[in-house]
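If you read the sequences in order, they're chains A, B and C.
The first sequence maps to residues 1 to 281 in the UniProt record's numbering.
The second sequence maps to residues 1 to 313 in the UniProt record's numbering.
The third sequence maps to residues 1 to 366 in the UniProt record's numbering.
Where is the CB? At the ideal position from N, CA and C, for every residue including glycine.
Only a predicted model underlies this, so the values are computations on that prediction, with no experimental measurement involved.
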Amino acid sequence: MPARPIRRRRYRSVPIGRILLLGFFVIFVIVPLYWVFNTSIKPSSDYLAIPPVWFPDEPTIVHYTAALFTYRGLEGLINSIIISSAATVLSALFGTLMAYSLSRYNTGGQHLSFWVLSQRFLPPIAIILPIFLIYRSIGIYDTHLGMILAYTVFTLPVSVWMMFAYFRQMPRSMEEAALVDGCTRWRAFWTVAVPLAAPGIVAAAVFAFIACWTEFFFALLLTSKNAFTLPTVFRSFLSFQGAQYGEAAALSIVSLGPSIALGVLAQRHLVRGLTLGAVRG
Amino acid sequence: MSETNVIRRLEAAGLPPQLSRFGEWADRHFKWVLVAPAVLLILALSIYPLVYSLVVSFINFDFQVPGHAFVGFKNFERVIADPVARWSLVLTAFLSFSSVAIEFILGFAVAMTMMRSFPGRGLIMSILIVPLFISPVIVGQTFTLLLQRPFGPTNYVLSALLGNEVTISWLTESPYIYFSLILADVWQWTPFMFVILLAGLTAIPPNLYEAAELDGVGPWQVFWSITVPHLGPMILLAITFRLLDAIRLFDTIFIMTGGGPGTSTYTASYYLYTIGFTQFHLSQATAGSWLFLIFTALVVVFLVRRLLKAETN
Amino acid sequence: MAEVKITSLHKKYGAFHAVRGIDLEIPDGEFTVLVGPSGCGKSTLLRMIAGLEEITDGEIEIAGEVVNEMRPRDRDVAMVFQDYALYPHMSVSRNIGFGLKARKMSKAEIDGRVRAAAEMLGITDLLDRLPRQISGGQRQRVAIGRAIVRSPRIFLFDEPLSNLDAQLRDEMRGEIKRLHQDISTTMIYVTHDQIEAMTLADRIVLMRDGVIEQQGAPLDLFERPASIFVAGFLGSPKMTFLPGRLEIGDKGAAVALGDGAVVIPLPADRPLAGATNGMSVILGVRPEHVSRAKGQDLGPGHLRQEVAIDLLQPTGSRSYATFKLAGMPVMAELEAHDVSRPGETIAVDINLNRASLFDAASEKAI
């Protein structure tokens, strides 16, 4: 083999290209959010100022009070909290039960687990019309119950698959020890497997909650004046294009808080959440 | 045991108590008892509606036409014959493919910059993932605030940068309207690609790179011969997941354009929504939904096949 | 206290046939070791006895009762797992008492028993700790405590020592042996380690590819292996296998190695059932049956040979020396000072009274 000139490893220069790209992208992410925040505290008189007002001199909270009280944002917020929390609990509970069965007993072979997965990719438009008709006929249209059920089903595939992945990487021997020790299957599951899977259950619940909290399509079509959730309140601002920018921005900020806080806290599980457990983060 | 040589043998503890009849039944069928709640809910609120909609799509179910007669494939024909329906499918494909392509390239590039650790990486990571936790409605609202004439600052900033006056109606004028929709989608979902690809990149064993460096392989060649092949399944997975969500595009359309101007931003979901919920041609909407479902299923089969093949390799 | 009887037992995982027809009787109070290379089905067999794996075909009886359909909780057996399987969220005392709680025993009785078990194992001061706060050896004791506190009919051990370091493993091995001597409950122990098998077992059941290759007392298996596989599995360093041809003549039988370069006469009293003149055989010689020749020829059954040592591995007490016989390497276990350096030529005695002879075609002992 011909001798190859040994290339001296160069001292790593400052990667200007990378810093520029990353810097550009961080700004790209932050600017829109800042503009929303800025709009939410800006007096209406600053709306059309040229040049645009980036730092309002006299910040105001009028848009927040208007959005929450005049446009019923508070009701939407409360509905969102009730519906998202209840659906999250049901989804995490039923998802954990099913995932345990799939992972430990291989229930239904591959078919059952892929059937659940396929639900994740079902376009909501394909089922919303019949659900609307069914809800109308059994009287749960525009009720909390109806929304909770819809959101439970909507988030179940993610809960099941996240927990499925979690249980698969958890050793079985502790549950087996419990069975030999005299437990029924349920007791081994409830007193041994569930406490050990608690971090995974919490992560699955966080993602279910965020999914419910940010969902719009079902809420738009299954609620009107009673069980409407926070995202649907934005409908009210559409008809008055122009005047309600501050209120829309204020309501956005209110809605952003909980889901971003939860999401950033559950960051460690983000990859599993986004890929339904297919990729370990 | 080391303490004493003689072990007192404990009395046998015997067997745990017998189960009640219900406990016995539940333990025997434990695995089915566990899946029952989830499966029943999905059956009731997903499978039953699907069947229901299939039935509706073959009968007359229209708030403007009385009676529920069987009409064969008439509803399907009506959808297929509708130029708006065909346009909406083309637009859906166009928007989702362009958005996902841009998100992939941008996400990949940003993931490459975040591979090595550096001061502030954790904070930047937390900032970059924020769009993932925001309702698409709010993303649409945000970009409306940024782009809307005359309120939004976009035209002003562009004018200042380019040196001459820019007056574009980003939300009402073609083709800028498509640019705006793609921009909102890219803003929200590039982090999705970024997060998954970064996980893939950091999972590549570093000794591969070290070995390549010792062999004097150039960075471009390292990228194509190590990074890309190792990332293959991950890339496919990220694109599959993203594409299947992108073709449902509805929320941002609803907020940013309302389908307009005219029907120029009708996506498949938005089209079916207007047919069903504003014009109340219910059976036509369900027929269209089924056609869209079949279209989705084709995409799923195409992509998931590839995905499973890539994973088994 | 119970005996176990297994009749033509099978286990299939889809297309994979893990256990293929096992018949085994384990008398009450016996310490039985299931040993074999990984994938031989020994753990599967143990788990089927515990009730953790379904039985594809065949029968398992415990104390005369068929338990095929019985769930683990109703079998009154206890199991010690390879990874200990302690409940990480429970203290040591709750871990030990967990099985008693499942039996709805009173709190006072549970406490008393847990304390007694902890005293036996010398872990009384660990009772309030969590499993992650104690060492590997201590976890092992807790796992055993969890088993003995119930005084079950049968103890099952699934490679319980394989996660411990060498020194601790030797210590725990002794304690498990003592435990059995003291309480003499039926114990079934799975391992892939032949030393554990030899030292612990009343009886070794050596498995391979889902069937029992040979079973019996440890020394029986060691001295009279039924096949090349058994002979090679037990003993360290391994038995040396020398392929050759069996020659039965007027003066007795002999094995010719390497085209007759070396002819090894077999002891005259050695039975050669089913052997024919000229058949291909494999002669098995354990290292400890080769020694440095001292003094007079040892007579019939011994072969004295001049050999050149080409590899020497001293261990301190003994030295393992390798030399060539008819071109094939043979290992000898010599005394430490028998050879000083490789290259030396010495005379060795090979004790053929204790050598094994196998049919090369069937790999079974002759």
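### Task
Using a Cβ cut-off of 7 Å, pull out every chain A residue sitting near A287(B), in sequence order please.
Below the 7 Å Cβ cutoff, chain A contributes no neighbours of A287(B), its closest Cβ being approximately 11 Å away.
### Query
Is the CB of R146(C) under 7 Å away from at least one CB in chain B?
no
### Message
Excluding the 5 residues flanking E335(C) on each side, which residues of the same chain have their C-beta closer than 6 Å to its C-beta?
### Response
In its own chain, leaving out the 5 sequence neighbours on each side, no residue places its CB closer than 6 Å to the CB of E335(C).
### Message
When you compare the CB of K5(C) with every CB in chain B, is at least one pair closer than 7 Å?
### Response
Output row for K5(C): interface = no.
### Task
Indicate whether I154(C) and A2(C) have their beta-carbon atoms separated by less than 7 Å.
yes
### Where the beta strand (DSSP E) containing D349(C) begins and where it ends
345-351
### Query
Terminal residues of the continuous beta strand (DSSP E) containing I188(C)?
Here the beta strand (DSSP E) through I188(C) covers 186-191.
### Query
Among residues of its own chain, excluding the 5 on either side of V36(A), which ones have a beta-carbon nearer than 6 Å to its beta-carbon?
A249, S252
### Query
Would you say A26(B) reaches chain C, if we count a Cβ-Cβ gap shorter than 7 Å as a contact?
no
### Message
For the structure I just gave you, are there three or more beta carbon pairs, one from the segment 33-51 of chain B and one from the segment 88-97 of chain A, closer than 8 Å?
### Response
The segment 33-51 of chain B is in contact with the segment 88-97 of chain A.
### Query
Around the C-beta of F61(B), are 16 or more other C-beta atoms found within 10 angstroms, so that it is buried, or is it exposed?
buried
### Query
Does the Cβ-Cβ distance between F194(B) and A111(B) come in under 7 Å?
yes
### Query
Got a sec? Which residues, its chain only, sit under 6 Å from P218(C) by beta carbon, not counting five neighbours each side?
Cβ neighbours of P218(C) beyond the five flanking positions: M198, A201, I204.
### Task
Evaluate the contact criterion for the segment 205-221 of chain B versus the segment 120-132 of chain B: three or more CB pairs, one atom per stretch, below 8 Å.
Short answer: they don't touch.
### Query
Quick one: Cα of S85(A) to Cα of S224(A), how far?
As the crow flies, the alpha-carbon of S85(A) is around 20 Å from that of S224(A).
### Message
In whole angstroms, give me the CA-to-CA distance for residue 284(A) and V89(A).
### Response
No information on residue 284(A) is available, as it lies outside the stretch 1 to 281 that chain A covers here.
#### Entry: Alpha-carbon spacing of L168(C) relative to I123(C), whole angstroms
16 Å
### Query
Which full runs of the alpha helix (DSSP H) of 4+ residues lie inside the segment 176-253 of chain B, going along the chain?
176-203, 206-214, 219-222, 228-246
### Proximal residues, the segment 85-113 of chain C versus chain B, C-beta separation under 8 Å
G99, L100, A102, R103, K104, M105, R113
### Query
Taking all protein chains shown into account, do 16 or more other C-beta atoms lie within 10 angstroms of the C-beta of P2(A), making it buried, or fewer, making it exposed?
Unreliable placement is indicated for P2(A), whose pLDDT of 46 sits below 50; no coordinate value is reported for it.
### Task
Spatial neighbours of A81(B) within its chain, please: CB distance less than 6 Å, with the 5 preceding and 5 following residues excluded, ordered by chain position.
none
### Test item: CB-CB of S80(A) and T229(A) under 7 Å
yes
### Query
For R73(C), which residues in chain A fall below 7 Å Cβ to Cβ?
L179, G182, C183, T184
#### Entry: Neighbourhood of N226(A) by C-beta distance below 8 Å, restricted to the same chain and skipping five residues each side
D142, T143
### Query
Which chain A residues sit within Cβ distance under 7 Å of V77(C)?
Contacts between V77(C) and chain A, judged by CB atoms closer than 7 Å, involve V180 in chain order.
### Message
Please report the straight-line C-alpha distance between E25(C) and L46(C), rounded to a whole angstrom.
### Response
13 Å
### Message
Any beta carbon of chain A sitting closer than 7 Å to that of F81(C)?
### Response
yes
### Query
Under 7 Å between C-beta atoms, does L34(B) make it to chain C?
no
#### Entry: I125(A) and L43(B) closer than 7 Å at C-beta
no
### Query
Is K104(C) near P17(B), with beta carbons less than 7 Å apart?
yes
### Task
Could you name each continuous alpha helix (DSSP H) segment of 4 residues or more that falls completely within the segment 120-199 of chain A, going from the start of the chain to the end?
125-138, 144-168, 173-180, 185-188
### Query
Counting along the chain, where does the beta strand (DSSP E) carrying F358(C) start and finish?
356-359
### Beta carbon proximity, Y209(B) to chain E, threshold 7 Å
Absent from the structure: chain E. Protein chains present are A, B and C.
### Task
Find the residues of chain C that neighbour M147(A), judging by a C-beta separation of less than 9 Å, and give them in chain order.
Simply none; closest approach about 35 Å.
### Query
How would you list, in chain order, the residues of chain A whose beta-carbon sits under 7 Å from the beta-carbon of A118(C)?
Neighbours of A118(C) on chain A: none; closest Cβ ~17 Å, over 7 Å.
### Query
Name the residues in the segment 10-23 of chain B whose C-beta lies less than 8 Å from a C-beta of chain C; which are they?
Of all residues in the segment 10-23 of chain B, only L10, E11, A12, A13, G14, L15, P16, P17 come within less than 8 Å of chain C when Cβ atoms are compared, listed by chain position.
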